[in-house]
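**Student:** Let me begin by handing over the structure; questions about it come next.
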Amino acid sequence: MLEILQNIAMKLADLVMAVIPRPVPNADVLAECKIISHRGEFDNIAVKENTLAAFRHASGHGVWGIECDIRWTSDLTPVVCHDADTGRVFGTCLILSETHFSDLREQLPQIPTLAEVVAEFGGNTHLMLEIKEERYPQLQRQAQILEDTLAALEPAEDYHFLALDPDLFLRARHAPKSSCLPVAELNVKRLSRASLLENFCGLSGHYLLLGNSLLAKHNQQGQQIGTGFISSRNCLFRELNRGVQWIFSNDAVRIQKILDLYLQRSRPQK
1357 MLEILQNIAM
1367 KLADLVMAVI
1377 PRPVPNADVL
1387 AECKIISHRG
1397 EFDNIAVKEN
1407 TLAAFRHASG
1417 HGVWGIECDI
1427 RWTSDLTPVV
1437 CHDADTGRVF
1447 GTCLILSETH
1457 FSDLREQLPQ
1467 IPTLAEVVAE
1477 FGGNTHLMLE
1487 IKEERYPQLQ
1497 RQAQILEDTL
1507 AALEPAEDYH
1517 FLALDPDLFL
1527 RARHAPKSSC
1537 LPVAELNVKR
1547 LSRASLLENF
1557 CGLSGHYLLL
1567 GNSLLAKHNQ
1577 QGQQIGTGFI
1587 SSRNCLFREL
1597 NRGVQWIFSN
1607 DAVRIQKILD
1617 LYLQRSRPQK
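Residue numbers (this note's numbering): 1357 to 1626.
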């Protein structure tokens, strides 16, 4: 029920933000904007979230980054799926931590491994990889698998780790703090303090929860702020005009088209 109420509140906020006029950001601000597709471009009907098809649709339209979620199978294969089980998205309910990867691949081949995502998008599309709260039966081995899977990429340059709890970053032991981005829900102040104290790369969260004073604190320390989930031109311009560069969206392709249009308009005519 709480999640339903939160979703309703966010949709109402989006409707309000969409109708409030905002000035067009200047060319330099537009050029620095980085759009991130939340779980790829999907409708969970024809295209499922967190699948290669969803990521291809976003990347193919010039979206800078894709956000995806790391889960583990029973034989310690890192796969990309938001939930601990597959029921909500795929109908067939498999608990990932109790399913061998070969069985998962046979029954739900749409669920990619992290290695497949890295092989196709690593180095050409920025990866925002969320570490989920779940049991790690062989923590050291899993940390090594994660490090090996990402070995060809440069942390912070090619990918960042996201987590709702900063302690989860310890599960990616190879990652420097500059590649770790805490994700705030209602605990914004606590995670902001933790990010500033631990010198993480910044903070992300819903755009209404990350105020200008908080943004200024992180900018002063050279940290980034990422806000979601932007769904309109006016909301996009609001965020860019107050210094946000990382824009998470469930409508990333449409938001990217808006950004590209105004970037083109900002360029001097020959």
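Heads up, the beta-carbon is just placed ideally off N, CA and C, and yes, glycines get one too.
1. Run through DSSP, which three-state label would I1391 get?
2. Is K1573 close to chain B? Criterion is C-beta to C-beta, closer than 9 Å.
3. When you compare the CB positions of L1434 and I1501, do they come within less than 9 Å of one another, or not?
4. To the nearest whole angstrom, what separates the beta carbons of G1584 and H1562, a pair I think is in contact under 8 Å?
5. In three-state DSSP terms, what is L1501?
6. Can you tell me whether P1468 is buried or exposed, with buried defined as 16 or more other CB within 10 angstroms of its CB?
7. On the CB-based measure, 16 or more other CB atoms within 10 Å of its CB, does D1425 come out buried or exposed?
8. State buried or exposed for Q1625, treating a residue as buried only when at least 16 other CB atoms are found within 10 Å of its CB.
9. Here's the rule: buried if 16 or more other CB atoms are within 10 angstroms of the residue's CB, otherwise exposed. What is K1488?
10. Please give me, in chain order, every unbroken run of the alpha helix (DSSP H) with length at least 4 that falls completely inside the segment 1554–1600.
11. Where does A1422 fall in DSSP's three states?
12. When the distance is taken between beta carbons, is S1560 closer than 9 Å to F1517?
13. DSSP on H1413, reduced to helix/strand/coil?
14. By alpha-carbon positions, which one of E1472, A1475, S1534 ends up nearest to A1512?
15. Measure the C-alpha to C-alpha separation of M1484 and A1471 and round it to an integer number of angstroms.
**Tutor:** Based on what the coordinates show:
1. strand
2. Absent from the structure: chain B. Only one protein chain is present.
3. One detail in the question is off: residue 1434 reads as Pro in this sequence, not Leu. Yes, the Cβ-Cβ distance between P1434 and I1501 is below 9 Å.
4. 6 Å
5. Here residue 1501 turns out to be Ile, not Leu, going by the sequence shown. Helix, per DSSP.
6. buried
7. buried
8. By the 10 Å Cβ count, Q1625 comes out exposed.
9. Taking every protein chain shown into account, the CB of K1488 has 16 or more other CB atoms within 10 angstroms, so this residue is buried.
10. 1568–1576, 1589–1597
11. In the sequence under discussion, the amino acid at residue 1422 is Ile, which differs from the Ala named in the question. I1422 falls in the strand class under three-state DSSP.
12. no
13. helix
14. S1534
15. 14 Å
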